[in-house]
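See below for the structure under consideration.
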Amino acid sequence: MSTHRLRLLAVAAALVSVAACGGGGDTGSQKAEGSAAGGFPLTVEHALGKTTIPAKPKRVATVNWANHEVPLALGVVPVGMAAANFGDDDGDGVLPWVEERLTQLKAKTPVLFDETDGIDFEAVADTKPDVILAAYSGLTKKDYDTLSEIAPVVAYPDAAWATPWREIIRTNSKAIGLADEGEKLITKLDGDIAKTAAKYPQLKGKSAMFMTHVDPNDVSEIGFYTTHDTRTQFFKDLGMTTPGSIEKASEGTDKFALTKSAEQIDAFDDVDIITGYGDDTGELLKNISKDPLLSKIPAINRGSAYLLPGSSPLATAANPTPLSIGYVLDDYAAALAKAADKVK
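Once you know that position 99 of the sequence shown is 100 in our numbering, the rest is easy, because the numbers rise by one and skip nothing.
Listed below in structure tokens is the structure:
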């Protein structure tokens, strides 16, 4: 039995405990009663306004990345969710840890929304949801208004694509009346992350930067995620730090990603470890390492850089979600630790 499979079985067992008040896996029906029915009607404040949910939702739909993992982790099967468009190695639109959770719940795959060209509002409407979860999303006001004509929508608390994983759980679990269960899930995942970080002590105190996608044909600019992005925030969960250069660049902006020209690469001299998204062959990192300008970045020059393989589930590891943590976190931490070993 594979290591990933063993991890998922352990995660599934833990989720059964977390969702002990929850029900089985009928798509379109929520049997989990949770925290005294969640105090409905309830109002959730978010960046796009206030949403009142009149009664405990029975039909839950989700849009954008990973929001469906919160109800699934708590024993609730959505009626519809966004198809995976990244890290989906078999191309079926469902990441492996989601497939495993659906199997554990004896549930069919929910309706998958194709968001290649944006939210498929008609498909969402066809699922007849009682609530639409989007705590981690890039909803525009127009998206929000259109979705709100279908059902109450719970958007991101502060900024688009900037909701930390704990807040994703808190916001989405509250909206479906399972706030207490959501807190238990956070506690459980915090423990899992701490155990993983303890296995790799060389990560502690190392400064880390996450590059955005690199164009091998144009390295005139270096893109990187700011402190407002969950990928950068997650480094701290693993015991690492944010370089002063990234902290400074993040001040005075709410953007989750920025760029610097290649001529300004000396700004990254304080970075111990660089990671980002690469290809499956490793050629991109080799090309970056040979580039006359980029190779001057200390982390690249000494080999303390690691790029996540673009089409594999591991590529999603930097952006933790309730179900993926038990599947890819250890591999991600191990790869970062290997890079950390190069830092003297």
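Each residue gets a CB set at the ideal place from its N, CA and C atoms; glycine is no exception.
Scanning its chain for C-beta atoms nearer than 6 angstroms, with the 5 sequence neighbours on each side dropped, one finds around Lys343 the residues Arg303, Gly304 and Ser305, in chain order. For Gly224, the enclosing beta strand (DSSP E) covers residues Glu222 to Tyr226.
When Ala163, Trp66 and Leu239 are compared, the shortest CA-CA separation from Ala198 is found for Leu239. According to DSSP, residue pairing for Gly304 in a beta bridge does not occur. Annotation: the segment 51-98 contains the following complete segments of the beta strand (DSSP E) (minimum length 3 residues), in chain order: 61-63 and 81-83.
Of the residues assessed, Lys107 falls on the exposed side of the cut-off, its CB having fewer than 16 other CB atoms within 10 angstroms.
Setting aside the 5 residues that flank it on each side, Phe236 is surrounded in the same chain by Ala209, each with a C-beta closer than 6 angstroms to its C-beta; the list follows chain order. Every alpha helix (DSSP H) stretch that sits fully inside the segment 183-245 and reaches 4 residues is listed by chain position as 231-238. Bounds of the alpha helix (DSSP H) holding Glu168 are Trp166 to Ala176. Looking at the backbone, the Cα of Phe122 and that of Asp273 are separated by about 44 angstroms. Using a C-beta cut-off of 8 angstroms, the segment 216-233 makes contact with the segment 282-301, since at least three inter-stretch Cβ pairs fall below that distance. Residue environment: Asn68 is assigned as buried (16 or more neighbouring CB atoms within 10 Å of its CB, all protein chains considered).
As DSSP reads the structure, Phe114 sits in a beta bridge with Ala83. Between the segment 94-110 and the segment 146-159 there are fewer than three inter-stretch CB-CB distances shorter than 8 angstroms, so the stretches are not counted as touching.
Between Ile187 and Val132, the gap from beta carbon to beta carbon reaches 8 angstroms or more.
Looking from the CA of Ser174, the closest CA among Gly92, Tyr328, Gly327 and Val45 belongs to Val45. Taking every protein chain shown into account, the CB of Ser325 has 16 or more other CB atoms within 10 angstroms, so this residue is buried.
Only residues of its own chain outside the window of five on either side were considered, and among them Phe225, Tyr226, Arg232, Thr233, Thr276, Gly277 and Ala319 have a CB closer than 7 angstroms to the CB of Phe211, listed in chain order. For the pair Val125 and Val64, the CB atoms are nearer than the 8 angstroms cut-off. Of all alpha-carbon atoms in Pro202, Lys339 and Asp193, the one lying nearest the alpha-carbon of Tyr328 is that of Asp193. When DSSP states are grouped into helix, strand and coil, Thr104 belongs to the helix group. When only Cα atoms are considered, Val61 and Ala180 end up about 15 angstroms apart. Between Gly183 and Phe41, the C-beta gap is not smaller than 8 angstroms, which leaves the two residues out of contact. Asp281 is positioned such that its CB atom lies closer than 8 angstroms to that of Ser312. In terms of Cβ geometry, Ala135 and Asp255 do not form a close pair [threshold 8 angstroms].
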